[in-house]
Amino acid sequence: MLIVARKYSEVIDDITSNKSLKLRKYELSDTQWEIVDDLIHVLEIFKNATLLFSKDSKDSESTISQVIPMMDVIDDFLVNAGPAPVTNAPSNKRNLHPAVKAAIALAKATMNHYYLFTDDSNIYWITMVLHPGLKLNYFCMRGWEQKWIDTAESITRKEFKFYDNIEVAAEPSTPVSISLLIVPFLTYGVEVCPYN
Numbered sequence: 000m001l002i003v004a005r006k007y008s009e010v011i012d013d014i015t016s017n018k019s020l021k022l023r024k025y026e027l028s029d030t031q032w033e034i035v036d037d038l039i040h041v042l043e044i045f046k047n048a049t050l051l052f053s054k055d056s057k058d059s060e061s062t063i064s065q066v067i068p069m070m071d072v073i074d075d076f077l078v079n080a081g082p083a084p085v086t087n088a089p090s091n092k093r094n095l096h097p098a099v100k101a102a103i104a105l106a107k108a109t110m111n112h113y114y115l116f117t118d119d120s121n122i123y124w125i126t127m128v129l130h131p132g133l134k135l136n137y138f139c140m141r142g143w144e145q146k147w148i149d150t151a152e153s154i155t156r157k158e159f160k161f162y163d164n165i166e167v168a169a170e171p172s173t174p175v176s177i178s179l180l181i182v183p184f185l186t187y188g189v190e191v192c193p194y195n
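Counting from 0, one number per residue, gives the positions in the sequence shown under numbering that gives the first Met the number 0.
Given below as structure tokens:
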């Protein structure tokens, strides 16, 4: 909606500035149009994440192993696009309107709140450790503390040990489709991490 409004901003300005139409109260100032631009920039990451995990997405086969990496991508974006830290150091962040910066700070707090819920289920960590494109390398590349990396590995080993002696049917009762999807939004190198 914002993208369409921005695309037709000249038309919208013409319509709202026409006194006979009595729409002047809806006319946007230049500052308000700048806020629209800032919002388009900031909301794009959420749109992309929504499309990635959407059931209706035809180009994506999203998996549970992509949840944490996508949350990290969003978090990184919010940190880099959000309010500059309270220091005298220069910032390379986009110069966003203060209202948008405040919204980003709230979004970051909300992301942190929901990130904590991933600790309630081991499935996120197990799928990431088992994912051929992630494994323990991902945690290392993200700068996790060694004890957290060891915990992720320990959780995975514990689950395997629990199911180690359970007999399973030789053939599944329903067809199983396995997709070794490499997470498309990760661009981290692997040479830095010892888990190769």
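C-beta atoms are modelled at their ideal positions from N, C-alpha and C, and glycine is treated no differently. Note that this is a predicted model, so its numbers are computed, not measured.
Check	Outcome
CB of R5 within 8 Å of CB of T15, strictly	no
Reduced DSSP category for H130 - H, G, I as helix; E, B as strand; rest coil	coil
Continuous alpha helix (DSSP H) stretch holding W32: start and end	29-52
Buried versus exposed call for S64 [16 or more other C-beta atoms within 10 Å across all chains shown]	buried
As assigned by DSSP and simplified to three states, the class of N111	helix
Alpha helix (DSSP H) segment containing T15, residue limits	8-16
Start-to-end residues for the alpha helix (DSSP H) that takes in W147	145-162
S61, DSSP secondary structure in three states	coil
The region 97-113 contacting the region 133-140, beta-carbon criterion three pairs below 8 Å	no
Three-state class that DSSP yields for N121 in the structure shown	coil
Candidates A168, V167, E9, I125: closest to W147 by CA position	I125
Spatial distance of Y210 from T155 (CA atoms)	The chain is shown from 0 up to 195; residue 210 falls before or after that span and cannot be answered.
Distance between K157 and N91 (C-alpha atoms, nearest Å)	Any reading at N91 must be qualified, since the residue scores a pLDDT of 48, below 50, and its modelled position is unreliable; the value itself is stated next. Each residue's Cα considered, the two are about 44 Å apart.
Counted within 10 angstroms of its Cβ, other Cβ atoms place D75 as buried (16 or more) or exposed	exposed
Cβ neighbour criterion (16 or more within 10 Å) applied to A48	buried
Test item: CB-CB of M70 and Y114 under 8 Å	yes
Nearest neighbour of N121, chosen from L20, S153, E26, I39 [CA to CA]	S153
Nonlocal neighbours in the same chain, by C-beta distance under 8 Å from M110, ignoring five residues either side	M70, I73, D74, L77
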